[in-house]
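**Student:**
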Amino acid sequence: MNETLTPYIKKPEGADDKPIESGARPRTPEELRPDIVDALRTVYDPEIPVNIYDLGLIYNFEIDEDYFVDVSMTLTAPGCPVAETFPGIVENAVKSVVGVSDARVELTFDPPWTMDNMSEEAKLELGMI
Numbered sequence: 001m002n003e004t005l006t007p008y009i010k011k012p013e014g015a016d017d018k019p020i021e022s023g024a025r026p027r028t029p030e031e032l033r034p035d036i037v038d039a040l041r042t043v044y045d046p047e048i049p050v051n052i053y054d055l056g057l058i059y060n061f062e063i064d065e066d067y068f069v070d071v072s073m074t075l076t077a078p079g080c081p082v083a084e085t086f087p088g089i090v091e092n093a094v095k096s097v098v099g100v101s102d103a104r105v106e107l108t109f110d111p112p113w114t115m116d117n118m119s120e121e122a123k124l125e126l127g128m129i
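Residue numbers for the sequence shown follow UniProt numbering, so the first one is 1 and each next one is one higher.
#1: Let's test the definition: count the other Cβ atoms within 10 Å of the Cβ of N60 and tell me whether it reaches 16, buried, or not, exposed.
#2: Quick check: S101 and D70, are their CB atoms within less than 8 Å of each other?
#3: So, with DSSP's three-state summary, where would you put I20?
#4: Quick check: the region 29–43 against the region 104–117, are at least 3 beta-carbon pairs closer than 8 Å?
#5: Return the chain-ordered list of same chain residues with a C-beta closer than 6 Å to the C-beta of D64, the five sequence neighbours on each side being excluded.
#6: Assess, as a yes-or-no matter, whether the region 43–61 is touched by the region 78–90 under the definition of 3 or more beta carbon pairs within less than 8 Å.
#7: Answer yes or no: do D54 and S96 have a C-beta to C-beta separation smaller than 8 Å?
#8: Using C-beta distances below 8 Å, list every residue in its chain close to M73, excluding the 5 sequence neighbours before and after it, in chain order.
#9: Answer with buried or exposed for V43, where buried requires no fewer than 16 other C-beta atoms within 10 angstroms of its C-beta.
#10: Going by beta-carbon coordinates alone, are T85 and W113 separated by less than 8 Å?
#11: With which residues is M73 paired in a DSSP beta bridge?
#12: Following the continuous alpha helix (DSSP H) through D35, name the residue where it begins and the one where it ends.
Laid out in structure tokens, this is it:
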């Protein structure tokens, strides 16, 4: 893993260092959805100690029949200092999912991110509820 990307990636609790064995792809691209969500939850916002999925930065992702994943995401602010590099970090996390053929991340600021985008878990983690 690229060392400049490492501060934003956190292994899930209980994960081990065993390599993932390559195997058959799931029967449908949609079966990858939970694994992609798990991968997105390993990426943390550099300014807020919450993963980007629960923070509400991921607006949507689509998986096509070729297992290509197209992610639409935002940042907490348009002037975010990691705006140039963060999409690549997210892309690499998605590409790490066994079965994903490739991924693209598109940044959008429409609609703008607000704290209402956060999951209940994220709000609880930050002491907001």
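Even glycine gets a Cβ: it sits at the ideal position worked out from N, Cα and C.
**Tutor:** On the basis of the data shown:
#1: In the sequence shown, the residue the question calls residue 60 occupies position 60. Around the beta carbon of N60, fewer than 16 other beta carbons lie within 10 angstroms, which makes this residue exposed.
#2: The residue you call residue 101 lines up with position 101 of the sequence shown. The residue you call residue 70 lines up with position 70 of the sequence shown. Taking 8 Å as the Cβ cut-off, S101 and D70 do not qualify as a contacting pair.
#3: Position 20 of the sequence shown, counted from the first residue, corresponds to residue 20. Confidence is the limiting factor: at I20 the pLDDT is only 43, short of 50, which leaves the residue's position unreliable and the question unanswerable from this model.
#4: Verdict: no, contact absent.
#5: Looking up residue 64 in the sequence shown gives position 64. Around D64: no qualifying Cβ.
#6: The answer is yes - the region 43–61 touches the region 78–90, with three or more Cβ pairs under 8 Å.
#7: Walking along the sequence shown from the start, residue 54 turns up at place 54. Walking along the sequence shown from the start, residue 96 turns up at place 96. Contact flag unset, no.
#8: Residue 73 sits at position 73 when you count from the first residue of the sequence shown. Spatial neighbours of M73 in its own chain (CB-CB distance under 8 Å, excluding positions within 5 residues in sequence) are listed in chain order as I52, L57, I58, Y59, P87, V90, V105, E106, L107, T108.
#9: Mapped onto the sequence shown, residue 43 falls at position 43. It is buried - the Cβ of V43 has at least 16 other Cβ atoms within 10 Å.
#10: The residue labelled residue 85 in the question sits at position 85 within the sequence shown. The residue labelled residue 113 in the question sits at position 113 within the sequence shown. Contact: no.
#11: Within the sequence shown, the letter at position 73 stands for residue 73. Bridge partners of M73: I58, L107.
#12: On the sequence shown, residue 35 is found 35 positions in, with the first residue counted as 1. In the DSSP assignment, D35 falls within the unbroken alpha helix (DSSP H) covering 33–40.
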